[in-house]
Amino acid sequence: MQHDYIVGETGIKESTLDKTRALDQFLAGVERKAFRIAEIAIGNREEALDIVQDSMLGLVQKYADRPSEEWTPLFYRILQSRIRDWYRKNKVRSRWMGWLGFRKQGEDQDLEDPVEQFADPVSREPMQTLANENSIRTLEGAIQQLPIRQQQAFMLRAWEGLSVADTAIAMSCSQGSVKTHYSRALNTLRTELEDHWP
Amino acid sequence: MNENDFLDQVKKTLDRQAETLDGETLSRLNQARQSALQQTARNSGHSLTRTWIPMGGVAAAILLSSIFLFRAEEMAVVSDSTVDEIDIIASSDSLDLYEQLDFYMWLLEEDTDAV
Chain H
-13 MQHDYIVGET
-3 GIKESTLDKT
7 RALDQFLAGV
17 ERKAFRIAEI
27 AIGNREEALD
37 IVQDSMLGLV
47 QKYADRPSEE
57 WTPLFYRILQ
67 SRIRDWYRKN
77 KVRSRWMGWL
87 GFRKQGEDQD
97 LEDPVEQFAD
107 PVSREPMQTL
117 ANENSIRTLE
127 GAIQQLPIRQ
137 QQAFMLRAWE
147 GLSVADTAIA
157 MSCSQGSVKT
167 HYSRALNTLR
177 TELEDHWP
Chain D
60 MNENDFLDQV
70 KKTLDRQAET
80 LDGETLSRLN
90 QARQSALQQT
100 ARNSGHSLTR
110 TWIPMGGVAA
120 AILLSSIFLF
130 RAEEMAVVSD
140 STVDEIDIIA
150 SSDSLDLYEQ
160 LDFYMWLLEE
170 DTDAV
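The listed protein sequences derive, respectively, from chains H and D. Per the numbering used here, the very first residue in the first sequence carries number -13; after that it's consecutive. Per the numbering used here, the very first residue in the second sequence carries number 60; after that it's consecutive.
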């Protein structure tokens, strides 16, 4: 009887370990893209990191017991929800700050970051580096100009490679809406970037 | 550039940026992941609790039912004598008859012997 109990407890521990390992692999696989999606969406590194951490916690707390195939759309659903929450809060905060006559933090900080003035210690061809950085900044700028729903649809479909159905789950909308948002985003980006990427 | 080439270029550009994130950001992401994973252990502890609490509840319910049934039998036994007492009180005979029952029983025996 006691032996059965010990075996049962060990089984529970093993299954917990397996689940933890699977979650670790999953989160390690999506964390960089999730961070970049959040950072591009809100334009703030620290808050993007907080949003990714919240999303990871949300997945573990709510959906860890769900089949691992469902984790990707569910994780991005939480991430997109957190990004939308951030937009809502920021909108309210901006209104209040504007009404009270305060300027947004950073508006007076147009000075260049001294860290950026240091040379890159990794030896790379300067022209290649410049081309890469320009390419990234141009693309980021164009994506940031998109309405948030188009931005979400484009990043999830084009970069993360989610299907229309999974993107619809992640965005909490219909598949038709995903197609519309994605198509509009693609057209806008192609128009915006055609001069940079001939 | 056709659509597929454009998307390929977008993907490569974004991938390149994600692959070259600075060390501090990677460290923060790792910390965030570890912090979230600790929650799994806590959740599994909760799931154990969630298993044991209903089992304990069922055991307690069975125990209470057994006690109730046992006590019900006792109450049934007690109720027989209670019914007798109620019959006496409710009967139309005078209570004196019952209080002096020994005397009446003796008188009855005396009459029987005399016969």
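Each residue gets a CB set at the ideal place from its N, CA and C atoms; glycine is no exception.
Query: When the cut-off is 8 Å and only beta carbons count, does residue 24 (chain H) lie next to chain D?; Result: no
Query: Cβ closer than 9 Å: which chain D residues qualify as neighbours of residue 122 (chain H)?; Result: 72, 73, 75, 76
Query: Residues in the region 150 to 172 of chain H with C-beta within 8 Å of chain D's C-beta atoms, listed in sequence order?; Result: 172
Query: Can you tell me the Cβ-Cβ gap for residue 128 (chain H) and residue 142 (chain H), rounded? I've got them flagged as a contact below 8 Å.; Result: About 17 Å; that fails the 8 Å criterion.
Query: Go through its chain and collect everything with a Cβ distance to residue 165 (chain H)'s Cβ below 8 Å, but skip five positions before and after it.; Result: 150
Query: Could you check whether the region 118 to 126 of chain D touches the region 36 to 52 of chain H, counting it as contact only if at least three pairs of C-beta atoms, one from each stretch, sit closer than 8 Å?; Result: no
Query: Alpha helix (DSSP H) containing residue 54 (chain H): first to last residue?; Result: From DSSP, residue 54 (chain H) is part of no alpha helix (DSSP H); its letter is neither H nor E.
Query: Quick one: Cα of residue 182 (chain H) to Cα of residue 140 (chain H), how far?; Result: 19 Å
Query: Just to confirm the assignment, what range does the alpha helix (DSSP H) spanning residue 30 (chain H) have?; Result: Counting along the chain, residue 30 (chain H) falls outside any alpha helix (DSSP H), and DSSP gives it neither H nor E.
Query: Compare the C-beta of residue 86 (chain D) with all C-beta atoms of chain H and state if any pair is closer than 8 Å.; Result: no
Query: Which same chain residues, not among the five before or five after residue 53 (chain H), have their C-beta less than 6 Å away from its C-beta?; Result: none
Query: Please confirm whether residue 37 (chain H) and residue 65 (chain H) have their CB atoms less than 8 Å apart.; Result: yes
Query: Nearest-angstrom Cα distance between residue 19 (chain H) and residue 5 (chain H)?; Result: 22 Å
Query: Between the Cα of residue 76 (chain H) and those of H:28, H:62, H:21, spot the shortest distance and give me the residue it belongs to.; Result: H:28
Query: Please classify residue 133 (chain H) as buried or exposed, where buried requires at least 16 other C-beta atoms within 10 Å of its C-beta.; Result: exposed
Query: Pick from H:67, H:176, H:57: whose alpha carbon is nearest that of residue 124 (chain H)?; Result: H:176
Query: Verify whether the separation of the beta carbon atoms of residue 66 (chain D) and residue 34 (chain H) is less than 8 Å.; Result: no
Query: Can you tell me whether residue 78 (chain H) is buried or exposed? The criterion is at least 16 other CB atoms within 10 Å of its CB, across all chains shown.; Result: exposed
Query: For chain H, is any of its Cβ atoms less than 8 Å away from the one on residue 60 (chain D)?; Result: yes
Query: Cutting at 7 Å between CB atoms, please list the residues of its own chain near residue 57 (chain H), excluding the five before and the five after it.; Result: 12, 45, 49
Query: To the nearest angstrom, how far is it from the Cα of residue 126 (chain D) to the Cα of residue 155 (chain D)?; Result: 41 Å
Query: For residue 115 (chain D) and residue 59 (chain H), I'd like the C-alpha separation in whole angstroms.; Result: 38 Å
Query: Quick test of your reading: residue 73 (chain H) and residue 146 (chain H), contact by CB under 8 Å. State the CB separation rounded to the nearest angstrom.; Result: Contact doesn't hold; Cβ gap of about 20 Å is too wide.
Query: From residue 148 (chain H) to residue 55 (chain H), what does the alpha carbon distance come to, in whole angstroms?; Result: 12 Å
Query: Tell me, to the nearest whole angstrom, how far the beta carbon of residue 86 (chain D) is from that of residue 39 (chain H); I am working on the premise that it is less than 8 Å.; Result: Actually they are not in contact, since the Cβ atoms of residue 86 (chain D) and residue 39 (chain H) sit about 13 Å apart, beyond 8 Å.
Query: What is the DSSP secondary structure of residue 181 (chain H), counted as helix, strand or coil?; Result: coil
Query: Along the alpha helix (DSSP H) that carries residue 68 (chain D), what are the first and last residues, could you check?; Result: 62 to 78
Query: Since I believe residue 51 (chain H) is in contact with residue 96 (chain D) (beta carbons under 8 Å), could you give me their beta-carbon distance rounded to a whole number of angstroms?; Result: Not a contact, Cβ separation roughly 14 Å.
Query: Figure out for me which residue from H:22, H:180, H:120, H:47 has the closest Cα to the Cα of residue 137 (chain H).; Result: H:22
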